[in-house]
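Numbered by the numbering used here, the letters in the sequence shown go through residues 2 to 162 in order. Yeah, the Cβ is synthetic: ideal placement off N, Cα and C, and Gly gets one too. Keep in mind it's a predicted model, so treat the numbers as computed, not measured.
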Amino acid sequence: MKNSPISCYECVRDTLKEILQYQRESEEICKNGCEVAINELLNPSVKRKNTIPFILYTKDGCPFKSDGVTTFRCKCCNEVKYHCFTTFLFRIKGLKKDCAILELLAFKHEDDCSCSMEACNPYEQIDCENVKDLYRTGIYIKVDPSCFCSISCLPPINLFS
Numbered sequence: 002m003k004n005s006p007i008s009c010y011e012c013v014r015d016t017l018k019e020i021l022q023y024q025r026e027s028e029e030i031c032k033n034g035c036e037v038a039i040n041e042l043l044n045p046s047v048k049r050k051n052t053i054p055f056i057l058y059t060k061d062g063c064p065f066k067s068d069g070v071t072t073f074r075c076k077c078c079n080e081v082k083y084h085c086f087t088t089f090l091f092r093i094k095g096l097k098k099d100c101a102i103l104e105l106l107a108f109k110h111e112d113d114c115s116c117s118m119e120a121c122n123p124y125e126q127i128d129c130e131n132v133k134d135l136y137r138t139g140i141y142i143k144v145d146p147s148c149f150c151s152i153s154c155l156p157p158i159n160l161f162s
């Protein structure tokens, strides 16, 4: 059976919907302190994960990337500076009709004045990075899920805002 654009769209949209549902359930569980305490007591080794990072691929098979701008305090001159970055990693924030709201994810790096090299593909961005250094940027984009043909989910992790 040949994949039609509609089936690709439905596949990506359904996956985004499922990821969003699991992330919301995780956040709801975390809001109830007693439930968390009981779960930790019964399963002390189980740590709640609240994010399923993912990579989207366009219809031509290319990984989707987005740019963002944030600020940081430079260690060498103690000035607040802008930092532009490109990422292939996203977290779903919301899904309404034909619009997905994605949060850009990035890796923490030294807060020095040097510019970091931009990754050409998602594997260059991820390879050998510490999972604990991935963070939520608070930068959001709206996309049309029908523009994507596939999605690659990374292992679930716990990210803080």
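Taking L105 as reference, the option from K133, E80, V13 and D68 with the minimal CA-CA separation is D68. Residue range P123 to I127 is occupied by the alpha helix (DSSP H) that includes I127. According to the DSSP assignment, L90 belongs to no beta strand (DSSP E), since it is labelled neither H nor E. Ranking K50, E26, P157 and F65 by CA distance to the CA of L103 puts F65 first. Between the region 87-104 and the region 119-129, the count of Cβ pairs shorter than 8 Å is three or higher; the stretches touch. Counting only the Cα atoms, I56 lies some 15 Å from K18.
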